[in-house]
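For the sequence shown, full-length UniProt numbering begins at 1 and goes up steadily by one.
Every residue, glycine too, gets a C-beta built ideally from N, C-alpha and C.
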Amino acid sequence: MSLEFKIISLNCWGIQFVSKDRKNRIKAIAEYLANSTYDVVCLQEIWTDHDFYLIKDEVSLVLPYSHYFYSGVTGSGVCIYSKHLIEEAFFHQWPLNGYIHKIHHGDWFGGKGVGLCKLTVNNFSVNVYTAHLHAEYNRNNDEYEAHRILQAYDTAQFILLTSQGVDLVVLAGDLNTLPGDLAYKVIKAVPGLIDAFDGCEVPRDEIATCENVKNSYTPTSLVKKKIPGQRIDYIMYHPGSKLQVTLKSYRLPLPDRVPYCSYSYSDHEAIEATLEISKNVAKNIKTDNDLETVLHDCMSVLNKSLEILVTHKRVYIGLFLLLMCVLLFSFAYDAPVGFSIVYNFGRVVVAIFAVFFLLMAILWNKIEKHAILAGKLSIEKSLKKLSEL
């Protein structure tokens, strides 16, 4: 007995009031999916209930089951639509999700994590996971590297611990990491996932999912330089112990533009994979990454982050003490004539910043430290287990 399982993943760039052409693009995405033959659809950056239900209503005939993973302030942004009954669903929120004061980045407000939907497809048990890792805003000075690595490790461990006895595991989403990056290696190596792209024959310079030169939202400067873009969206899989899974096809399914429009479906490209599941004798799954080396590399990054946190705490405490001195000094002198309102307003601003720096030093710093320590302890246990094998 064999089965074909077809899945698509897309970061929809659905930020309300910010993303260009959002309403029209979401409608176009819904119409495309309504005329599709997918078993499962994994979407990211669906930030509003309206967009989720709009797509749900449109695709109800071909994808009658769905689940939105609510989390954080704005919702996790990730959801799944399925041709098959979703028997169980669960969301694991990551302990580190960026910084609350980095409003212009906004990752913290999404309460990001990894979502799981359990399906039964023709008597095969299938676990579908979807995730959207923290964005990389500056590759040369990545302040979120430790956050992303911990998110990747949490995701990998979550998959490993929730997929025992399952016939097929599939992870699909925007992982915001390049092939070869440490976060990518962690996600593949810990649960033994296979990157579906590795089994296809599509040239690497034609498979960019972000800043693709054919995408209407790619900056003109990159298009002129013919920079091929980056592959940061993935479909990964792993078969059960008694099954064989073969990649039948892998492609970017969406056209360059929404039909009769000048814009693309999203600033990301969708990816599609068709897997064939059979009850044949399972092949040995070989991974490219040495798990022990990958975990040691993770430990190095986390140790460095703990050292940085010590410096941050000292800076926050220093700024708090400085502002408190300024505030106390201001009460020693009366406001200049005619400037009492401005003078008092200045005091309020100084007091607000002083409280902010104090909270960053004694609360936020501690939360981040504990999250990193929790990740370290878990990795240490994995390394100990590997050393005993």
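Anticipated Cβ contact below 8 Å, residue i with residue j, distance rounded
{"i": "L168", "j": "Y237", "result": "7 Å"}
{"i": "G110", "j": "T74", "result": "5 Å"}
{"i": "V40", "j": "I80", "result": "6 Å"}
{"i": "G72", "j": "E45", "result": "Not a contact, Cβ separation roughly 13 Å."}
{"i": "L275", "j": "F124", "result": "Going by Cβ atoms, the distance from L275 to F124 rounds to 11 Å, so no, they are not a contact pair."}
Strand pairing of residue i, partner residues [DSSP]
{"i": "E88", "result": "K118"}
{"i": "Y129", "result": "L116 and L171"}
{"i": "K385", "result": "In DSSP, K385 forms no bridge with anything."}
{"i": "Y237", "result": "V170 and I194"}
{"i": "L247", "result": "L275"}
{"i": "C261", "result": "DSSP lists no partner for C261."}
{"i": "L3", "result": "I277"}
{"i": "C210", "result": "Q230 and H268"}
Reduced DSSP secondary structure (H/G/I, E/B, other) of residue i
{"i": "H370", "result": "helix"}
{"i": "H67", "result": "strand"}
{"i": "L252", "result": "coil"}
{"i": "L319", "result": "helix"}
{"i": "I308", "result": "helix"}
{"i": "W94", "result": "coil"}
{"i": "L10", "result": "strand"}
{"i": "K376", "result": "helix"}
{"i": "H134", "result": "coil"}
{"i": "I46", "result": "strand"}
{"i": "S76", "result": "coil"}
{"i": "F329", "result": "helix"}
{"i": "S340", "result": "helix"}
{"i": "Y217", "result": "coil"}
{"i": "H104", "result": "coil"}
{"i": "V41", "result": "strand"}
{"i": "Y144", "result": "coil"}
{"i": "F17", "result": "coil"}
Close Cβ partners of residue i (< 8 Å) along its chain, the five nearest in sequence each way excluded
{"i": "L161", "result": "none"}
{"i": "Y217", "result": "W13, K20, Y263, S264, S266 and D267"}
{"i": "Y343", "result": "S330, A335 and P336"}
Neighbourhood of residue i by C-beta distance below 7 Å, restricted to the same chain and skipping five residues each side
{"i": "N176", "result": "L133, H134, A135, E136, R148 and I232"}
{"i": "A351", "result": "L327"}
{"i": "D107", "result": "N97, G98, H134 and A135"}
{"i": "F69", "result": "S76, V78, C79, F91 and G115"}
{"i": "G240", "result": "V166, D167 and L168"}
{"i": "V349", "result": "none"}
{"i": "L389", "result": "none"}
6 Å CB neighbourhood of residue i in its chain, flanking five on each side removed
{"i": "E87", "result": "K118"}
{"i": "K83", "result": "D39 and L63"}
{"i": "K313", "result": "A361 and N365"}
{"i": "L85", "result": "Y65"}
{"i": "D288", "result": "Legend: pLDDT at D288 = 49, less than 50; position of this residue unreliable, value from coordinates given subsequently. None."}
At a cut of 8 Å, does the region 147–164 reach the region 89–102 through at least three beta carbon pairs? yes
Take every Cβ of the region 27–34, pair it with every Cβ of the region 55–67, and state whether three or more of those distances are shorter than 8 Å. yes
Can you find at least 3 beta carbon pairs, one from the region 317–326 and one from the region 370–381, that sit closer than 8 Å? no
Touch check for the region 250–270 and the region 189–200: three-plus C-beta pairs under 8 Å? yes
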